[in-house]
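There are 2 protein chains.
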Amino acid sequence: MGESVNLSVEALKGRVETIFRKAGLSQDHASTLAAVIVAGERDGCKSHGVYRIEGCLRTVKAGKVVPDVKPVLRDDGSAVVRVEAGGGYSCAGFELGAPVLAERAKKLGIAALVINDCTHFSALWPEVERLAALGVAAIAMCPSYATVAPSGGKEPLLGTNPFAFGWPRVDPAQPYVFDFATSVAARGEIELYRREGRQLPEGWAVDSEGRPTTDPEAALAGAMLPFGGHKGSAISTMIELLAGTMIGDFTSSEALDFLGTTTLAPRHGELIIAMSPQRFAAGRPGDPFARAEVLLEAIAGQGARLPSQRRFAARKRTLSEGITLTAAEAAQLDRLEALGLDAVA
Amino acid sequence: MGESVNLSVEALKGRVETIFRKAGLSQDHASTLAAVIVAGERDGCKSHGVYRIEGCLRTVKAGKVVPDVKPVLRDDGSAVVRVEAGGGYSCAGFELGAPVLAERAKKLGIAALVINDCTHFSALWPEVERLAALGVAAIAMCPSYATVAPSGGKEPLLGTNPFAFGWPRVDPAQPYVFDFATSVAARGEIELYRREGRQLPEGWAVDSEGRPTTDPEAALAGAMLPFGGHKGSAISTMIELLAGTMIGDFTSSEALDFLGTTTLAPRHGELIIAMSPQRFAAGRPGDPFARAEVLLEAIAGQGARLPSQRRFAARKRTLSEGITLTAAEAAQLDRLEALGLDAVA
Numbered sequence: 009m010g011e012s013v014n015l016s017v018e019a020l021k022g023r024v025e026t027i028f029r030k031a032g033l034s035q036d037h038a039s040t041l042a043a044v045i046v047a048g049e050r051d052g053c054k055s056h057g058v059y060r061i062e063g064c065l066r067t068v069k070a071g072k073v074v075p076d077v078k079p080v081l082r083d084d085g086s087a088v089v090r091v092e093a094g095g096g097y098s099c100a101g102f103e104l105g106a107p108v109l110a111e112r113a114k115k116l117g118i119a120a121l122v123i124n125d126c127t128h129f130s131a132l133w134p135e136v137e138r139l140a141a142l143g144v145a146a147i148a149m150c151p152s153y154a155t156v157a158p159s160g161g162k163e164p165l166l167g168t169n170p171f172a173f174g175w176p177r178v179d180p181a182q183p184y185v186f187d188f189a190t191s192v193a194a195r196g197e198i199e200l201y202r203r204e205g206r207q208l209p210e211g212w213a214v215d216s217e218g219r220p221t222t223d224p225e226a227a228l229a230g231a232m233l234p235f236g237g238h239k240g241s242a243i244s245t246m247i248e249l250l251a252g253t254m255i256g257d258f259t260s261s262e263a264l265d266f267l268g269t270t271t272l273a274p275r276h277g278e279l280i281i282a283m284s285p286q287r288f289a290a291g292r293p294g295d296p297f298a299r300a301e302v303l304l305e306a307i308a309g310q311g312a313r314l315p316s317q318r319r320f321a322a323r324k325r326t327l328s329e330g331i332t333l334t335a336a337e338a339a340q341l342d343r344l345e346a347l348g349l350d351a352v353a
Numbered sequence: 009m010g011e012s013v014n015l016s017v018e019a020l021k022g023r024v025e026t027i028f029r030k031a032g033l034s035q036d037h038a039s040t041l042a043a044v045i046v047a048g049e050r051d052g053c054k055s056h057g058v059y060r061i062e063g064c065l066r067t068v069k070a071g072k073v074v075p076d077v078k079p080v081l082r083d084d085g086s087a088v089v090r091v092e093a094g095g096g097y098s099c100a101g102f103e104l105g106a107p108v109l110a111e112r113a114k115k116l117g118i119a120a121l122v123i124n125d126c127t128h129f130s131a132l133w134p135e136v137e138r139l140a141a142l143g144v145a146a147i148a149m150c151p152s153y154a155t156v157a158p159s160g161g162k163e164p165l166l167g168t169n170p171f172a173f174g175w176p177r178v179d180p181a182q183p184y185v186f187d188f189a190t191s192v193a194a195r196g197e198i199e200l201y202r203r204e205g206r207q208l209p210e211g212w213a214v215d216s217e218g219r220p221t222t223d224p225e226a227a228l229a230g231a232m233l234p235f236g237g238h239k240g241s242a243i244s245t246m247i248e249l250l251a252g253t254m255i256g257d258f259t260s261s262e263a264l265d266f267l268g269t270t271t272l273a274p275r276h277g278e279l280i281i282a283m284s285p286q287r288f289a290a291g292r293p294g295d296p297f298a299r300a301e302v303l304l305e306a307i308a309g310q311g312a313r314l315p316s317q318r319r320f321a322a323r324k325r326t327l328s329e330g331i332t333l334t335a336a337e338a339a340q341l342d343r344l345e346a347l348g349l350d351a352v353a
């Protein structure tokens, strides 16, 4: 066994990029994918860090993502900016569309970015953070795979459907950002309980008959549940409608049919809505950003944690002290670098 | 005591309208307010029915709403349509802005309606239903009063902040519509538990020290909690930011400061985002409305209830059989009709 390794954010990004280039991804895809994976490590989100590289490569090897397609921007000057990802990873498409989306929101007040036919694996917070840095508030959402039953139901139909929001704060290093699954838990968490032989907390899942269960095996054979009962279920359904059928892309059920497995990165679309606070607040009393600070400070001031604060603290630390990979993570990185696609099943 | 009374939807609307006219509301306000109150009765939502008339009149009598102001539309051709409600009830402002919003969403793909300086008391579902009838999907949200603590906090800061969504279905009489408070429960529900001497379910509220409580007295002295833990809290905060500070209007905390009580209808603004599925789906495979039916039928098909189905069933019944008011409700209606503003404190 080796030892843990410390790398600068830039150095890690270079290594991850090299792995993707060797696997046949174009420079654009390799670089944008590496950026979000390293952002995960930088922010202490191991679940979206180097751990994800293998899944990306597996999806390439399975022929379920186009590794070198050039995303195409379709802009008719309206409030809907579209990127055709052509079956490639979503990150390059987002980077292409994000500045146009922000510019359009500033011009018209509100605008939307649609990414179609993309393969998705990243969290949504890097995207709403990027838009907050461009000065706009943003809501992002996408379907995933059918693993969640609607509230009151018993069969997997909805995805874990993430919902994210970003608001530019006066300190640009700490935007108000949240990003969460609309399921109570992630499938991987249930898998973890199963391996450890532990019972699930109540309310996480139903068995294949739709009965509440705390047995991980029964849960995996059944379905996960949305957060917040019928309210979370309704939001998850809204995400299927808006970021699935409305944008002419897969619902979570269709995405699972397309792939036939939840072990590869899912193909679907994404919807991002951006709004310009300056435009919305124009002619009204008070500065929207300054007034937002009063609200957010009142939340923190009563001891409630603002979302993403843990990430920002980790980021501050890793930017000065570097990212520490465990011996196993470092070995995995070496292996992927040496073997490329041959390293994955 | 009298007896229960059966009235047609139109007849009840006429009576409610008369009450508002006598209380000094302009025809426009009287008619739009009566429409949403009667919609509540028609759909079996007693909590938004004739019960609400008195609160509306109390707010007029307290001088906290302008009963005859004409809402003004400000439209610069961009994706943000604005209505200045001038301190009047929101319903007339919404009616003025809704067709322009739908037209703009169809033209640009996505658009927003801002209603500023309005006094709000109605549910949001009549609004997203109206927009669904105009062929657009819509998200509506607004702050309310500070009665909810952020997750992890202990002081009332957020409102019960409703979040609503509408999607036009193939059967125009049954759009996909949800509308819920982002708090676990409404303040009135806690008051009901107190009167009945019952303990609250867990997770509804905290006491003034931020400790979870099931004691209604302690809850009323403390704060309600958002639904779904930190996720619901984040959504509620998003609503404060977007439909409060971003649109240059009151947050829930500022709304409470302005009124000094939760017994009058709150002054604040509202944000409604509308999207044209036809525009978003243009050039993509499949019809978005037909594809949505597949999803929604799969939800209903596994025994999960779609939101608003109970309302639609009640509506079908009352439209043919009329609305039945209890003896107490009928007496209250007579009293308000006879005494006008003198009937309220």
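These protein sequence lines are chains A and B, in that order. Under the numbering used here, the first residue of the first sequence is numbered 9, with each subsequent residue one higher. Under the numbering used here, the first residue of the second sequence is numbered 9, with each subsequent residue one higher. In this text, a Cβ means the ideal position worked out from N, Cα and C, and glycines have one as well.
Spatially closest choice to residue i from the options, by CA coordinates
{"i": "G32/A", "options": "C64/A, E18/A, N14/A and S55/A", "result": "C64/A"}
{"i": "E345/B", "options": "K21/B, N14/B, L279/B and D83/B", "result": "K21/B"}
{"i": "L165/A", "options": "I247/A, E62/A and I331/A", "result": "I247/A"}
{"i": "V192/B", "options": "E337/A, P170/A and K239/A", "result": "K239/A"}
{"i": "L341/A", "options": "Y59/A, Q207/A and A322/A", "result": "Y59/A"}
{"i": "I45/A", "options": "G71/A, E18/A and S241/A", "result": "E18/A"}
{"i": "G354/A", "options": "V89/A, Y97/A and G85/A", "result": "Look at the range of chain A in this structure, 9 to 353, and you will see that residue 354/A is not part of it."}
{"i": "R206/A", "options": "G95/A, G291/A, G48/A and T222/A", "result": "T222/A"}
{"i": "V68/B", "options": "A47/B, I27/B and V108/B", "result": "I27/B"}
Nearest-angstrom beta carbon gap, residue j and residue i [assumed within contact, 8 Å]
{"i": "S260/B", "j": "A154/B", "result": "5 Å"}
{"i": "P234/A", "j": "S159/A", "result": "6 Å"}
{"i": "A131/B", "j": "A282/B", "result": "Not confirmed; about 18 Å, so no contact."}
{"i": "G93/A", "j": "C53/A", "result": "Per the sequence shown, residue 93/A should be read as Ala rather than Gly. In fact, because the Cβ distance is near 23 Å, the residues do not count as touching under 8 Å."}
{"i": "E135/B", "j": "I280/B", "result": "6 Å"}
{"i": "G236/A", "j": "G236/B", "result": "3 Å"}
{"i": "R66/A", "j": "A353/A", "result": "7 Å"}
Residue i and residue j closer than 8 Å at C-beta
{"i": "L81/A", "j": "V91/A", "result": "yes"}
{"i": "A100/A", "j": "D36/A", "result": "yes"}
{"i": "N169/B", "j": "M149/B", "result": "yes"}
{"i": "L104/B", "j": "P79/B", "result": "yes"}
{"i": "E137/A", "j": "V77/A", "result": "no"}
{"i": "K162/B", "j": "E197/B", "result": "no"}
{"i": "F129/A", "j": "A351/A", "result": "no"}
{"i": "A231/A", "j": "A213/A", "result": "yes"}
{"i": "I255/B", "j": "V122/B", "result": "yes"}
{"i": "P75/B", "j": "S16/B", "result": "no"}
Buried/exposed call for residue i, threshold 16 Cβ in 10 Å
{"i": "L327/A", "result": "exposed"}
{"i": "L250/B", "result": "buried"}
{"i": "G309/B", "result": "exposed"}
{"i": "L264/A", "result": "buried"}
{"i": "G268/B", "result": "exposed"}
{"i": "P38/A", "result": "Residue identity differs from the one stated: residue 38/A is Ala in this sequence, not Pro. Its Cβ being crowded by 16 or more others within 10 Å, A38/A is buried."}
{"i": "A312/A", "result": "buried"}
{"i": "T271/A", "result": "exposed"}
{"i": "G57/B", "result": "buried"}
{"i": "V302/A", "result": "exposed"}
{"i": "S55/A", "result": "exposed"}
{"i": "A181/B", "result": "exposed"}
{"i": "E337/A", "result": "buried"}
{"i": "P209/A", "result": "exposed"}
{"i": "G85/A", "result": "exposed"}
{"i": "E204/A", "result": "exposed"}
{"i": "A300/B", "result": "buried"}
Same chain, Cβ closer than 8 Å to residue i, neighbours up to 5 away in sequence not counted
{"i": "A87/B", "result": "R112, L116, I118, A119 and A120"}
{"i": "A289/A", "result": "D295 and P296"}
{"i": "E199/A", "result": "P224 and L228"}
{"i": "A43/A", "result": "K21, C99 and P134"}
Own chain residues within Cβ distance below 6 Å of residue i, not counting five before or after
{"i": "N14/A", "result": "G330 and T332"}
{"i": "A335/A", "result": "M9, G10, E11 and S12"}
{"i": "R319/A", "result": "D51"}
{"i": "R323/A", "result": "R50 and D51"}
{"i": "L142/A", "result": "A110"}
{"i": "S316/A", "result": "V185"}
Cβ neighbours of residue i in the same chain (closer than 7 Å, five flanking residues each side left out)
{"i": "P183/B", "result": "E137, A140, G174, W175, P176 and R177"}
{"i": "P151/B", "result": "G167, N169, I247, E248, A251, G252, F258, T259, S260, A263 and H276"}
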